[in-house]
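The next block holds one structure in the form of structure tokens; read it before the comments.
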Amino acid sequence: MPDTEYAVAAVLVTAAVTWALRALPFAALAPLRASSTVRYLSTRMPVGVMVILVVYCLPDLPVTEARTVAPVAALAVTVGLHLWRRNALLSILGGTAVHVLLTSAVLT
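Going by our numbering, the first residue of the sequence shown is number 44, and it counts up by one from there.
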């Protein structure tokens, strides 16, 4: 029966490690919720992520080709939605939907 004991021990250790890894983020977040740094980052990160995406995605865009319409339109929709609703998730989803629609259905 040593194999059975080994298997049970392996399952128990695996379960303990899995539980600890899933509980760790919640334990780490508790002291961070009151942090002024986290509060500052939560207000600045959505715009920062969008700026990084624009800088990464648009510099090599050929302005003389028709395929430029999709990313530029998606960028305009994203910026417009963000200025209108101030909701990063809505802005990103709206811009992504416009880009996918234009690249797959209109500009094929």
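Ideal Cβ positions, reconstructed from N, Cα and C, are used throughout, including at glycine.
Look at residue i and residue j and say whether their C-beta atoms are less than 9 Å apart.
i, j, result
"Ala116", "Val141", "yes"
"Leu150", "Ala113", "yes"
Here's the rule: buried if 16 or more other CB atoms are within 10 angstroms of the residue's CB, otherwise exposed. What is residue i?
i, result
"Ser134", "buried"
"Leu55", "exposed"
"Gly138", "buried"
Can you tell me the Cα-Cα spacing of residue i and residue j, whole angstroms?
i, j, result
"Ala58", "Pro74", "26 Å"
"Val97", "Gly123", "15 Å"
"Arg82", "Thr111", "37 Å"
"Arg76", "Thr86", "14 Å"
"Asp103", "Ala70", "43 Å"
Report the three-state DSSP secondary structure of residue i (helix, strand or coil).
i, result
"Asp103", "coil"
"Glu48", "helix"
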